[in-house]
Structure formats: C-alpha cells, structure tokens
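Using this note's numbering, you'd call the opening residue of the sequence shown number 38 and step up by one each time.
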Amino acid sequence: MENATETKEMRVRKKKMRRMTEVQRRSRAGFLFVLPFTIGFLSFYLQPLLTSIGYTFRNVQPKKGGGVSDTWIGLGNYQWLFTDNADYPKALLNCFKDMLINTPVIIIFSLFIAVILNQKFRGRMFARAIFFMPVIISSGLVMGIMNGDTQMAEVQTDTSSAIFTASGMVEILEGMNLPETIISVFTSIVSQIFDTLWKCGIQILLFLAALQSVSPSLYEAAKIEGASGWESFWKVTFPNVTPIILVNVIYTIIDTITDSSNQLMSTINSTAFDNLFYSRASAMAWIFFVILIALIGVIFLISRSFVVYQSK
C-alpha cells in the first residue's frame with residue numbers, strides 16, 4: 038500500500054511539473070538564485086544597516102577612556118553636510134559627473150568588443166580570455182601596485198605618461214576652438230582609458246551571452262529580405278540585447294560610483310575612520326544611497342521605451 042501511495046504521489050507531482058509554464062519555471066529559478074543573498078542579507082547586513090540609519094540622527098564618537106558617546110541631534114548631521122562642509126557636495130557632484138561620462142563609454146565599448154568577439158575567427162577564445170582577464174586579476178592589491186607604479190614613474194620623470202594623459206589632445210582641441218566643457222569631457226575619457234578598459238570584462242561577457250542567445254533564423258530572415266549588416270545590427274541584434282544593456286548600465290553605474298578610488302568614497306572613509314565622525318559618515322552614505330536608488334528608478338522608467346523582452 039505504501040509503495041502504491043508513493044507512486045500515486047509521484048505521478049501527481051509529475052503532472053504538476055508538466056503544467057508549470059515557462060514563466061513559472063523561470064520565476065522559481067530566479068527565487069532560488071536570490072535566496073542565498075536574501076538569507077545572508079537578513080542574517081548579517083540588515084542589523085548594521087538599521088544601525089547606520091540611527092547613527093545619522095545621533096552624534097556617535099569614541100571616548101578617550103573607551104566606549105562611545107551617543108547624543109541625539111536630529112537632522113544636525115544632514116545640516117552640517119550642506120552648510121558647514123564644502124567637500125561633500127563637491128565630491129558628490131564629481132562622482133555623478135564621472136559616472137555620466139564613464140558609463141556610456143564602457144557600455145558602447147563593451148558592446149562593440151562583444152560583437153567582434155562573437156564572430157568566427159582564429160584565436161577567438163584567446164581574445165575573449167584577454168578581455169576577461171582584468172576581472173580575474175583586478176584585486177585591490179594588483180590595482181594598488183599598478184597605480185602605485187604609475188604614480189611613482191610620474192614622480193621620477195616629473196611628467197605624466199602619454200598612455201594616461203591627453204596633453205597632446207588638449208592642444209588639438211584648443212586649436213579647433215571647441216568649448217572648454219567639450220574639451221574637458223574628451224580629455225577625461227582619454228585620461229581614464231586604461232581604467233575604462235579594465236572595467237569592461239563583466240559587461241563584455243554579458244553582451245556575449247546575449248548575442249549568442251539571438252536565434253540565427255532572425256539573421257537569415259533579415260538576409261533574405263535584403264538587409265545589410267548595419268541594418269541587421271539595428272533591427273535584429275540591438276533589440277535583442279536591450280535587456281542586457283539595461284543590466285549592464287545598472288551594473289556599470291554602481292561599479293563606477295562605488296569604486297573605492299573615487300573622491301566620494303575617499304571622503305566618506307576619511308570622515309569615518311580618520312576623523313572618527315561615524316554619524317556624519319553614515320549621513321553621507323545614506324544621502325548617496327538615496328540619490329543612487331532614485332537614479333536607478335529613473336533609468337528603469339526610461340528603459341520601458343526601448344527595452345524589448347522576447348516572449349517564448
């Protein structure tokens with residue numbers, strides 16, 4: 038009887054599994070994928086997160102004899118940031134300014150390289166490994182050594198390396214009588230080209246996955262209709278990779294503005310760990326977090342007009 042009951046239950050389960058739609062299967066897979074993060078967040082991050090919110094309304098500082106002093110000051114920390122501290126608003130503005138410049142460059146370059154690497158040619162796997170190599174070795178120690186060597190070389194020669202500066206380009210652009218704003222944007226891109234290339238590995242990998250998921254029958258249909266390679270890219274390739282473009286934009290924004298080397302992160306770290314103003318540093322971080330969430334929300338709203346989701 039028990040074996041018959043178990044067999045019957047297994048049949049019922051198999052029928053239910055067959056009835057599950059593709060959307061339900063993907064939803065279940067997505068839930069299982071985020072489950073470890075959810076457990077870790079609730080177990081280890083939620084309590085410090087709530088504590089840091091409370092710090093923003095208090096004055097928390099270590100005492101000389103040990104322990105900490107905790108005084109309620111309301112919105113005093115936020116008022117101090119925008120009235121008595123000129124460094125934070127400037128660092129916040131520069132951080133988002135760099136993000137607006139670097140993000141389009143990284144996305145466009147990553148998509149361009151991914152399209153090339155998706156073609157059939159000799160040494161394709163080796164080329165892919167080269168572009169993904171920075172992701173493997175981009176530890177803080179490696180980047181610190183590389184940045185330290187570059188800075189040391191500049192100090193010893195008293196000049197900047199041509200690889201990391203754009204002095205020649207500045208002279209050309211000034212000779213064309215271009216506005217100072219345009220010149221600063223171009224020089225900023227060229228001066229940071231090494232860091233930009235170093236940060237494209239994940240984006241290239243995601244674009245490659247998206248390109249390989251496009252059905253070859255779509256390209257065949259476009260070719261039969263007489264579409265050129267350029268038209269096939271904009272009519273077939275680009276619409277199919279728009280969801281990954283959105284993912285890469287969000288990833289690149291967060292990766293860029295939370296980089297430990299930018300001015301804003303340095304300001305927050307120095308306020309918290311050098312000057313021991315934990316409450317002020319928490320207020321800095323939360324203002325930055327709220328602006329970042331609002332920016333991502335705006336991007337999601339804008340993405341509705343161009344992101345194409347293929348239903349299967």
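All C-beta atoms, glycine included, are put in the ideal place defined by N, C-alpha and C.
Could you tell me which of the options sits nearest to residue i, measuring between CA atoms?
{"i": "Q240", "options": "T279, P85, K272 and I261", "result": "T279"}
{"i": "G113", "options": "D292, F94, T289 and L245", "result": "F94"}
{"i": "I287", "options": "T140, Q84, F133 and G77", "result": "T140"}
{"i": "I281", "options": "P126, L248, A123 and W271", "result": "L248"}
{"i": "V105", "options": "R341, S307, L313 and W235", "result": "L313"}
{"i": "R165", "options": "G91, L87 and L245", "result": "L245"}
{"i": "T149", "options": "T289, F270 and V284", "result": "Here residue 149 turns out to be Phe, not Thr, going by the sequence shown. For F149, the nearest C-alpha among the options comes from F270."}
{"i": "L283", "options": "G91, A66, C132 and F337", "result": "F337"}
{"i": "Y315", "options": "L79, T58 and Y92", "result": "Y92"}
{"i": "F345", "options": "N277, Q156, G160 and S80", "result": "For the sequence presented, residue 345 should be read as Val rather than Phe. Per the Cα distances, N277."}
Mapping the DSSP letters down to three states, classify residue i as helix, strand or coil.
{"i": "D107", "result": "strand"}
{"i": "C96", "result": "Correcting the residue type first, residue 96 is Asn in the shown sequence and not Cys. N96 falls in the strand class under three-state DSSP."}
{"i": "A151", "result": "helix"}
{"i": "E257", "result": "helix"}
{"i": "R159", "result": "coil"}
{"i": "A123", "result": "coil"}
{"i": "Y346", "result": "coil"}
{"i": "S307", "result": "helix"}
{"i": "N131", "result": "helix"}
{"i": "N139", "result": "helix"}
{"i": "S198", "result": "Confidence at S198 is low in this model, with a pLDDT of 42, below 50, so the placement of that residue is unreliable and no value is reported for it."}
{"i": "S89", "result": "helix"}
{"i": "Y101", "result": "The question names Tyr, but residue 101 in the sequence shown is Lys. In this structure, K101 counts as coil in the three-state DSSP scheme."}
Let's see if you can read the secondary structure: which residues bound the alpha helix (DSSP H) around residue i?
{"i": "F325", "result": "Y315 to S340"}
{"i": "G113", "result": "G113 to T120"}
{"i": "S269", "result": "G266 to S269"}
{"i": "G238", "result": "G238 to Q249"}
{"i": "N312", "result": "Neither: N312 is in no alpha helix (DSSP H) and is coded neither H nor E."}
{"i": "G77", "result": "E59 to G77"}
{"i": "V278", "result": "F275 to I294"}
* the segment 118-127 contacting the segment 315-326, beta-carbon criterion three pairs below 8 angstroms -> yes
* Just checking, does the segment 330-340 make contact with the segment 87-105 on the three C-beta pairs under 8 angstroms criterion? -> no
* Asked: Between the segment 290-306 and the segment 248-263, do at least 3 Cβ pairs fall closer than 8 angstroms?
  -> no
* **Cβ pair count under 8 angstroms reaching 3, the segment 121-130 against the segment 299-314** => yes
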